[in-house]
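Visitor:
Residue numbers (the working numbering): 1 to 374.
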């Protein structure tokens, strides 16, 4: 029997399989990545050198595939092998499994906080090790920056839990204050930090301070190009728009929302918030029209006309996508009807022109709209 080539054996080693799985994940081949990661887990076996890394990767892949239960199961197994997150990240250690479990928690509240705090503790230890170095390589500095931002995000997430699920706790406000204070110290360049500070200040009815924090959050990313790592995720910016509306910063809210519908013109919530924002602006213009002259007196009509276009797009997408938020749909319809009662019915040509907003190449969507309207 001819001897096997060393290269072939190495190619099917757990480490190589995991590297290949990570590569497939990066290029979007989830199914292939899962297959390779499973092979790696079977190959390394219980107690094997690559078991922890394989479990973490399989957990991440399950979450990306939309299987929260399976992802939770893998991460819980990973915790058994690295209870404090102190194992080297090269072998799959670190805080990420705790942060995933916090987000995947079925119970939320205290259970989520428990996992976030375990992740934060591991991150603090990693940060302390990196800051204690006499000098850092560019790679170490990049790692430090990443971990500080991750810790800031975890602290903000815990604060959000204390403002929602655990708001009844007697010390909820004090905990929020301590969390955002640490987040400001550790990750002042993270837009989410200042957005969370603003949310806390709103809950404390310190609206002027909330506005200052929202402005600071915006300044960190609003002039950056799409895809820049500092630009917050789409859902975070939706939340930001809501906070801007709540603090009556409609102009800033509209800028955020215009960018959101450019990034994703299928977002029902972005179109709804844009329409609502313009409705509020028009309402303020109408209430102040007694102090205006000439064209300014009818400015609110133009603003409401634009608001109606945003709401029309929202209602269309709401129906087409079978959107689940009934309260949003009802409010959008209510605003649309109120505007139409004031301005008259929306001209057919105006509807057609507005449908061309966004990507002109989206023929399929236009065809579906015509079928619905026909």
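Cβ atoms here follow ideal geometry from the backbone N, Cα and C, with glycine treated the same way.
Note that the structure is a prediction, hence the values are computed from the model and not measured.
With a 10 Å radius around its C-beta and 16 neighbouring C-beta atoms as the bar for buried, classify residue 138 as buried or exposed.
Guide: Taking the first residue of the chain shown as 1, we reach residue 138 at position 138. Counting Cβ neighbours within 10 Å, residue 138 comes out exposed, since fewer than 16 surround it.
Visitor: Who are the near neighbours of residue 214 in its chain, counting only those whose CB is closer than 8 Å to its CB and skipping five residues on each side?
Guide: Counted from its first residue, the chain shown places residue 214 at position 214. Answer for residue 214: 194, 195, 198, 240, 243, 244, 247, 249, 252, listed in chain order.
Visitor: Quick check on residue 163: does DSSP put it in helix, strand or coil?
Guide: Taking the first residue of the chain shown as position 1, residue 163 is located at position 163. Residue state, collapsed to three classes: helix.
Visitor: Using only the alpha-carbon positions, how far apart do residue 170 and residue 329 sit?
Guide: For the purposes of this step, residue 170 is identified with residue 170 of the chain shown, where counting begins at 1. For the purposes of this step, residue 329 is identified with residue 329 of the chain shown, where counting begins at 1. Near 36 Å, if we compare the C-alpha coordinates of residue 329 and residue 170.
Visitor: For residue 112, I'd like the list of residues in its chain whose CB is within less than 6 Å of its CB, leaving aside the five on either flank, ordered along the chain.
Guide: Working through the chain shown from its first residue, we reach residue 112 at position 112. If we look at residue 112 and ignore the five residues flanking it on each side, its Cβ neighbours are 102, 105, 161.
Visitor: In chain order, what residues of the same chain lie with their CB nearer than 8 Å to the CB of residue 93, ignoring the 5 residues before and after it?
Guide: Against the chain shown, residue 93 aligns to sequence position 93. These residues qualify, in order along the chain: 52, 82, 85, 86, 87.
Visitor: Cα separation between residue 168 and residue 108?
Guide: Counting from 1 along the chain shown, the entry for residue 168 is found at position 168. Counting from 1 along the chain shown, the entry for residue 108 is found at position 108. Their backbone Cα atoms lie some 14 Å apart in a straight line.
Visitor: On the DSSP letters alone, give me the boundaries of the alpha helix (DSSP H) that residue 322 sits inside.
Guide: In the chain shown, residue 322 corresponds to position 322, counting from 1. Note, residue 322: premise wrong, no alpha helix (DSSP H); not H, not E.
Visitor: List the whole-angstrom C-beta distance separating residue 149 from residue 190, where the pair is believed to meet the contact cut-off of C-beta under 8 Å.
Guide: Position 149 of the chain shown holds residue 149. Position 190 of the chain shown holds residue 190. Confirmed, about 5 Å.
Visitor: Could you check what DSSP says for residue 185 in three-state terms: helix, strand or coil?
Guide: Your numbering for residue 185 matches position 185 in the chain shown. Correct three-state label for residue 185: helix.
Visitor: Out of 273, 303, 55, point me to the one whose CA is closest to residue 286's CA.
Guide: Here the question's residue 286 lines up with position 286 in the chain shown. Comparing Cα-Cα distances from residue 286 to each of 273, 303, 55, the minimum goes to 303.
Visitor: Classify residue 96: buried if its beta carbon has 16 or more other beta carbons within 10 angstroms, exposed otherwise.
Guide: The residue given as residue 96 occupies position 96 in the chain shown. Residue 96 comes out buried.
Visitor: Closer than 6 Å by C-beta to residue 254: which residues in its own chain qualify, once you throw out the five before and the five after it? Chain order, please.
Guide: Counting from 1 along the chain shown, the entry for residue 254 is found at position 254. The answer, listed in chain order, is 277.
Visitor: Quick check on residue 20: buried or exposed, where buried means 16 or more other Cβ atoms within 10 Å of its Cβ?
Guide: The count along the chain shown starts at 1 and reaches residue 20 at position 20. Per the 10 Å Cβ criterion, buried.
Visitor: Roughly how many whole angstroms lie between the Cα atoms of residue 76 and residue 41?
Guide: Position 76 of the chain shown, counting from 1, holds the residue named residue 76. Position 41 of the chain shown, counting from 1, holds the residue named residue 41. Between residue 76 and residue 41, the C-alpha separation is close to 15 Å.
Visitor: How would you label residue 186, buried or exposed, when you count the other beta carbons within 10 angstroms and need 16 or more for buried?
Guide: The count along the chain shown starts at 1 and reaches residue 186 at position 186. Buried, because 16 or more other Cβ atoms sit within 10 Å of the Cβ of residue 186.
Visitor: Run the CB neighbour count on residue 201, radius 10 Å, all protein chains shown included, and call it buried at 16 or more, exposed below.
Guide: Locating residue 201 in the chain shown gives position 201, counting from the first residue. Under this definition residue 201 is a buried residue.
Visitor: Report all residues from its chain with a CB closer than 7 Å to the CB of residue 74; omit the five preceding and five following residues, and keep chain order.
Guide: Position 74 of the chain shown, counted from the start, is the residue given in the question as residue 74. Result list for residue 74: 55, 58, 59, 62, in chain order.
Visitor: How long is the line joining the alpha carbons of residue 264 and residue 12, rounded to whole angstroms?
Guide: Counted from its first residue, the chain shown places residue 264 at position 264. Counted from its first residue, the chain shown places residue 12 at position 12. Answer to the nearest angstrom: the Cα atoms are 41 Å apart.
Visitor: Taking only three categories from DSSP, how would you classify residue 38?
Guide: Mapped onto the chain shown, residue 38 falls at position 38. Of the three classes helix, strand and coil, the one that applies to residue 38 here is helix, per DSSP.
Visitor: Taking residue 143 and residue 130 to be in contact with their CB atoms under 8 Å, please state how far apart those CB atoms are, rounded to whole angstroms.
Guide: Here residue 143 refers to the residue found at position 143 of the chain shown. Here residue 130 refers to the residue found at position 130 of the chain shown. The pair is a contact, with the Cβ atoms about 6 Å apart (cut-off 8 Å).
Visitor: If the criterion is Cβ atoms closer than 8 Å, does the pair residue 340 and residue 308 meet it?
Guide: As a working mapping, residue 340 is identified with position 340 in the chain shown. As a working mapping, residue 308 is identified with position 308 in the chain shown. Yes, Cβ-Cβ distance for residue 340 and residue 308 is below 8 Å.
Visitor: How many Å lie between residue 310 and residue 323 at the Cα?
Guide: Within the chain shown, residue 310 is the residue found at index 310, counting from 1. Within the chain shown, residue 323 is the residue found at index 323, counting from 1. Using only the alpha carbons, I get a separation of about 16 Å.
Visitor: Measure the beta-carbon distance from residue 119 to residue 154 and round it to whole angstroms, keeping in mind my assumption that it falls under 8 Å.
Guide: Taking the chain shown and counting its residues from 1, the one referred to as residue 119 is at position 119. Taking the chain shown and counting its residues from 1, the one referred to as residue 154 is at position 154. Contact flag correct, Cβ pair sits at about 5 Å.
Visitor: Does the beta-carbon distance from residue 147 to residue 126 come in below 8 Å?
Guide: As a working note, residue 147 is residue 147 in the chain shown. As a working note, residue 126 is residue 126 in the chain shown. For residue 147 and residue 126, yes; Cβs fall inside 8 Å.
Visitor: Just to confirm, is the Cβ distance from residue 346 to residue 300 under 8 Å?
Guide: Sequence index remark: in the chain shown, residue 346 carries index 346 (1-based). Sequence index remark: in the chain shown, residue 300 carries index 300 (1-based). Not closer than 8 Å, so no.
Visitor: Measure the CB-CB distance between residue 221 and residue 232 and report whether it falls below 8 Å.
Guide: Within the chain shown, residue 221 is the residue found at index 221, counting from 1. Within the chain shown, residue 232 is the residue found at index 232, counting from 1. Taking 8 Å as the Cβ cut-off, residue 221 and residue 232 qualify as a contacting pair.
Visitor: Please name the residue, chosen from 71, 180, 28, 22, that lies closest to residue 210 on a Cα-to-Cα basis.
Guide: Within the chain shown, the letter at position 210 stands for residue 210. Taking only the C-alpha atoms, the option nearest residue 210 is 180.
Visitor: Determine whether the beta carbon atoms of residue 270 and residue 281 lie at a separation below 8 Å.
Guide: Residue 270 sits at position 270 when you count from the first residue of the chain shown. Residue 281 sits at position 281 when you count from the first residue of the chain shown. No. Outside cutoff.
Visitor: Is the beta carbon of residue 17 closer than 8 Å to that of residue 30?
Guide: Locating residue 30 in the chain shown gives position 30, counting from the first residue. Locating residue 17 in the chain shown gives position 17, counting from the first residue. The answer is no: Cβ separation not under 8 Å.
Visitor: Buried or exposed, going by whether 16 or more other CB atoms sit within 10 Å of the CB of residue 227?
Guide: If you number the chain shown from 1, residue 227 lands on position 227. It is exposed - the Cβ of residue 227 has fewer than 16 other Cβ atoms within 10 Å.
Visitor: Just to confirm the assignment, what range does the alpha helix (DSSP H) spanning residue 59 have?
Guide: Locating residue 59 in the chain shown gives position 59, counting from the first residue. Unbroken alpha helix (DSSP H) run through residue 59: 51-64.
Visitor: Tell me which residues share the same chain as residue 157 and place their Cβ nearer than 6 Å to its Cβ, disregarding the 5 neighbours each side in the sequence.
Guide: Within the chain shown, residue 157 is the residue found at index 157, counting from 1. If we look at residue 157 and ignore the five residues flanking it on each side, its Cβ neighbours are 116.
Visitor: Output the distance between the C-alpha atoms of residue 47 and residue 91, rounded to the nearest integer angstrom.
Guide: The residue given as residue 47 occupies position 47 in the chain shown. The residue given as residue 91 occupies position 91 in the chain shown. The alpha-carbon atoms of residue 47 and residue 91 are separated by roughly 12 Å.
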